[in-house]
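A quick write-up on the structure given underneath.
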Amino acid sequence: MKEKTLAIIKPDAVKKRIIGKIISRIEEEDFEIREMKMLWLTKEEAKGFYVVHKDKPFYDSLTDFMSSGRIVVMILERENAIAHWRKVMGATDPALAEPGTLRHSYGFSIERNAVHGSDSPQTAEWEINYFFPKTQ
Ligand code: GDP
């Protein structure tokens, strides 16, 4: 069954001018891009998106980073989209990500790791609604 996930090209990757490379990979992996837009989040919007991490020591730094420049947010659709996109992204820490994954290729640190993907169907629904409230 087709599934949707929310993907983000983070500010580090936009600044490195690799939006095109990441979108090429998305298409090579047979995802359909159902929605896409470029945004520059405010600190408050970044805090809202990552509210699940509000008690983590990296919350302030993460939300500073995510509001430090433009991002590209997308709804991706394919079979098994959530797990497949996370496999294509690789581990959170680029140093631990497998060769061939986006974070291995393009990530800079555990925080500046180029891309985001939802981690469960519930999260995907919530995250899609956060950025695309009318599309569900
Ligand atoms: P993800 O699902 O692989 O993106 O990882 P998490 O949900 O655990 O974390 C969300 C985001 O917070 C990550 O993608 C990183 O940008 C950032 N992050 C995660 N762990 C750390 C950490 O230990 N330190 C810092 N500075 N940022 C982190």
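Numbering-wise, the sequence shown is residues 1069 to 1204 according to the numbering used here.
C-beta atoms are modelled at their ideal positions from N, C-alpha and C, and glycine is treated no differently.
Cβ of Ser1092 less than 8 Å from any chain D Cβ?
Looking for chain D here will not work: only one protein chain is present.
Under 8 Å by Cβ, that's how I've got Ile1143 and Ile1076 pegged, so tell me the actual separation to the nearest angstrom.
With a beta-carbon spacing of about 11 Å, Ile1143 and Ile1076 fall beyond the 8 Å limit used to define contacts.
Is the separation between the beta-carbon of Ser1129 and that of Glu1179 shorter than 8 Å?
yes
Of the residues Ser1092, Lys1122, Arg1154, the one placed nearest Leu1074, counting alpha carbons only:
Arg1154
Bridge partners - Ile1139, DSSP secondary structure assignment
Note: Ile1139 sits in a beta bridge opposite Leu1107.
Outcome for Ile1090 when other beta-carbon atoms lying within 10 angstroms are tallied against a minimum of 16
buried
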